[in-house]
Every structure is written in C-alpha cells, then in structure tokens.
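Protein chains in written order, with our numbering: chain A, 1031 to 1256; chain B, 1031 to 1256. Ideal Cβ positions, reconstructed from N, Cα and C, are used throughout, including at glycine. None of the values given here were measured: they were computed from a predicted structure.
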Ligand SMILES: Nc1ncnc2c1ncn2[C@@H]1O[C@H](COP(=O)(O)OP(=O)(O)OP(=O)(O)O)[C@@H](O)[C@H]1O
Ligand SMILES: Nc1ncnc2c1ncn2[C@@H]1O[C@H](COP(=O)(O)OP(=O)(O)OP(=O)(O)O)[C@@H](O)[C@H]1O
Ligand SMILES: [Mg+2]
Ligand SMILES: [Mg+2]
C-alpha cells in the first residue's frame, strides 16, 4: 500500500546541498508493523514526513494505495493525510491554546463528527493514555511525556489506516512507554499499518520488520523470525 | 552547594491544585554527579527548573553556595543563572532565527567574551558534538538529535560550575548518546556539578548518586558503590 521508488530528498542550505534521502526503494503492505532505526541525522524523520505527505521528494515516485501521490497539490495531500494517516511528530506540534482534551478532539471536530461521539472517544483516550486529571491542562501545563501522550492520542483518534510515529516513547519512562506501545500494537493487530521511528532498540526490535537508515540510505531491511 | 529544604511546588489549574513537588529536602555537594529518574509526570523537570532558578517554590528554602536564593528578584535569579548554571532543556529552547553556531555562541556574546575566543570555543564544540557541516543550519534545518546537541553545547559553552540536563539523550541513538555522555562526564570529572534527568536507566545508572522521584517526592537516594 506504500511504495517508494527512487526517492531522493535534497535540502538546500545556502550553497550546501544536504542529501537527506538517497535512492529510497521501499514497499510496505497494508497492516505491516515496521520500525525505522539509525543514527541521529540519518534521515528517519525526513522519510516519515515523506510517507506522511508532509514533504515532497526531489525525485522518485510515491504510490499510496496504488495511486501516485507525488504530484498532488498541497490541498490534495492534506486531504489524503487527513483521511488515511495519523502522525505523531518527534516534537508533538500541539496547539498551545487548546487543552489536552481539545488537542485530541481537534481532528474529529474538523471532520464533523457529532459532539457526543467526540466526547466518548476523547474520554476513552484520556483514560487509555494515563492523562486523567490532565484533560484541561494546556501543553505548557503538562510534563514532556504527558505532551507526547496527547500527541499520540491525537494521531489515533480518527482511527486512521496508517500510523506514523516519530520517536513516540522518547520522553517516557519504561513503564509508560510499554503502555503506549501496547496501545499502538493493539491497533496494529487490528489491521493498522504502523511505522515507528525509534532510537530505542528495545522498542524497535518488537516490530515484525526492521529498517535501518544510515546517511539517507536503507542499509538493512529484516523481517523478524515469526 | 545546592540545599533544598522543605521545597513545595504547587501549580494552580483552574480550581485544581497540582502538587508537583512535595517536601523536597536535598543536599548536593560541589562536583557531585547525580541522576534523577522517575515516571513521566513525577516532577523531574519541575525539580530541575527549581534548582536552575527558572521557577520558584511555593514553600521552602533554596540555598545555592550558602546563600538563600529563594527570595531573589527575577533579575537577580537571571544573573546567578547566567554566572553559575548551564541548562539543557527537555525541549531545547533554541533561538529559531539563529544558526546552530550562533545559538551556541549566544551566552558568550551576552557575557562580552571577545570574538576570537568565541570563535575558538564554538568551533571546538561543533566538532565535539558531531555538528560539523551543520553550523550554519537553523534549528528547523536540523534533525531532532542535532538540535539536542546544539542545546547541550550551548549549556556548556560558558564553562559553568553546575550543569542541569533534562533528558539530554532523549533524541539520540545509542552511539551519539554515549559520545554526549562522555563529554558531560568529562566535565563532571573536571569538577562540574552534573545533575541529569533521564528516562534511560543505562544513562542514569552511570551517575555516582541516583535519585528517584515519584509523585513529587524523593523515594530513593542511592550512592553507587565505588
Ligand atoms: N529543512 C532542512 N534543511 C536542511 N537540512 C535538513 C532539513 N531537515 C533535515 N535536514 C538534515 O537532513 C538530515 C536528516 O534529518 P532527519 O531529521 O531526517 O534525521 P533523523 O534521522 O530524524 O535524526 P534524529 O534521530 O536526530 O531525529 C540531517 O543531517 C539534517 O541536518
Ligand atoms: N505549568 C504547569 N501547570 C500545571 N501543572 C503543571 C505545570 N507544569 C507541570 N505540571 C504538572 O506537574 C507534574 C510534574 O511535571 P514535570 O514536568 O516536572 O514532570 P516530569 O517528571 O518532568 O515528567 P516527564 O518525564 O514526562 O518529562 C505533571 O503532572 C504536570 O502535569
Ligand atoms: Mg528525527
Ligand atoms: Mg520532564
């Protein structure tokens, strides 16, 4: 369902060209559970942003569910993103003026989901992610790991078919990280395609397929023995 | 050199009182290397902010190098902070419009250090932290782990006597995290007082003294067997 062919991403900084992604060929089937690891600066967030239609390649083709999405306009990309993809950003990107609950609710509100359904779903996620007592707090009134959990809850609230998570446990202690992982893995078991960027091998090794990025290239692509 | 006595920190959110720190008594000698671990939301960042004079307690006394700093004005706290403390924030707080090099240089510039000395010191830190080739990039043109390293470099650039680091390896792969830790531990070996908040037990266990926070209280304070 996700096919990248010959993907290149080059950032221009003054007269310097940064090859963040080089010759990426990647095929990911619906429902796969994949981790992406590699050194700091190796291109993991860039790859995830590409797949999440938050960025465009300089060369190559990206097919999502069979259609070429590389050439879509910004608005078309935004619509595909809203309909299919839940994204957990490495640095969350929460709305500063909204409470934790309102941040989680926002995608539902934008999609026109009725108020009673929104309340039910947000209330459940507040409980699932251990945010009870923090619903009314704004992001600046939350700890780092609480903000991270709000970001993850928001990414799941529309029940997307693809979840892209950039370092989802980076600000969490081991126990809380395990709780978050069982929620995400529960969704993957239910058929969601889950792509997880992580620096924690204990987290990355749980995936059924593991990619390793170095200097913008995929240098390893292993399937765990079942 | 750091003495907290009866420290309380209560955040008010609407009609809810959040007891982020409860009855904190803590004595840290000059040159100690201490880690602070505990669940997400347990008060680690709040404690570090308190020690770093970025926040004030609601009750209790904080003595730094023998003098009561609890009652200092904002300006006086800022001056003590600038002179004595290097702070690595959980979410970096880099200046968006400045390059990596200019972000690292900023404390030196504010302190009136001459240009040639600033250049020498910043150039060395760029190399030490593996940021070669990224000096001119602004924060939004850096990876998460690169931003984190800029934040750490900035915290060390004035050679402060106390370094407070909030999750300094949270966005780093294992190898890069080890490099950063040897820089910080090198400073600690040279006499800097190093307080490190971390979710990674492999990192936290390296300290010679380990605190554990739960729900705003210190529940463990262990010295490693030498
Ligand atoms: N907007 C940009 N402009 C210029 N260079 C960029 C930009 N974004 C990223 N880069 C560079 O591209 C490379 C890959 O960045 P990316 O954020 O994908 O790395 P990463 O693997 O996610 O790293 P980390 O583990 O530190 O988060 C880095 O060297 C970075 O400096
Ligand atoms: N400005 C604030 N207003 C209200 N509550 C706050 C504020 N800042 C923090 N809190 C609350 O105080 C508690 C402690 O927060 P703190 O950021 O110190 O936790 P932490 O141990 O650093 O967590 P993490 O490991 O997730 O970073 C949390 O429950 C948080 O919701
Ligand atoms: Mg990244
Ligand atoms: Mg914190």
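- If you draw a 10 Å sphere on the C-beta of residue 1192 (chain A), you find 16 or more other C-beta atoms in it, and that means buried.
- Neighbours of residue 1176 (chain B) in chain A, taken as residues at a C-beta separation under 8 angstroms, are given in chain order as 1070 and 1071.
- Residue 1135 (chain A) and residue 1116 (chain A) have their C-alpha atoms spaced approximately 13 angstroms apart.
- The three-state reading of DSSP puts residue 1135 (chain A) in helix, counting H, G and I together.
- Here residue 1076 (chain A) really is in contact with residue 1051 (chain A); their C-beta atoms are around 6 angstroms apart, less than 8 angstroms.
- At the C-beta level, residue 1039 (chain A) and residue 1082 (chain A) stay beyond 9 angstroms of one another.
- Classified as exposed, residue 1127 (chain B) has fewer than 16 neighbouring CB atoms from the shown chains inside 10 Å of its CB.
- Under the Cβ distance rule, residue 1196 (chain B) counts among the residues neighbouring chain A, one pair being separated by less than 9 angstroms.
- At least one heavy atom of ligand 4 is found less than 8 angstroms from the C-beta of residue 1120 (chain B).
- Taking 9 angstroms as the cut-off, the Cβ atoms of residue 1252 (chain A) and residue 1227 (chain A) do not count as close.
- Measuring C-alpha to C-alpha distances from residue 1178 (chain A) to each of A:1160, A:1190, A:1189 and A:1063 identifies A:1160 as the nearest.
- Residue-level contact by beta carbon fails for residue 1039 (chain A) and chain B, as no gap is shorter than 9 angstroms.
- As summarised for the segment 1119 to 1177 of chain A, the continuous alpha helix (DSSP H) elements at least 4 residues long and confined to that stretch are 1130 to 1140 and 1145 to 1158, given in chain order.
- Residue A:1180 holds the alpha-carbon nearest to the alpha-carbon of residue 1155 (chain A) among A:1180, A:1215 and A:1144.
- Between residue 1212 (chain B) and the set B:1042, B:1124, B:1233 and B:1190, the nearest pair of CA atoms involves B:1233.
- With a contact defined as Cβ atoms closer than 8 angstroms, residue 1118 (chain B) and residue 1218 (chain B) miss out at about 14 angstroms.
- The closest CA to that of residue 1150 (chain B), considering only B:1170, B:1187 and B:1130, is found on B:1187.
- For residue 1174 (chain B), the shortest separation between its Cβ and any heavy atom of ligand 3 lies below 8 angstroms.
- Under the three-state reduction of DSSP, residue 1212 (chain B) is assigned to helix.
- Judged by pairs of C-beta atoms under 8 angstroms, the segment 1040 to 1047 of chain A does not touch the segment 1234 to 1241 of chain A, as fewer than three such pairs exist.
- In this structure the segment 1156 to 1176 of chain A touches the segment 1199 to 1212 of chain A; the number of beta carbon pairs closer than 8 angstroms is three or more.
- With respect to residue 1247 (chain A), residue 1104 (chain A) sits apart: the two C-beta atoms are not nearer than 9 angstroms.
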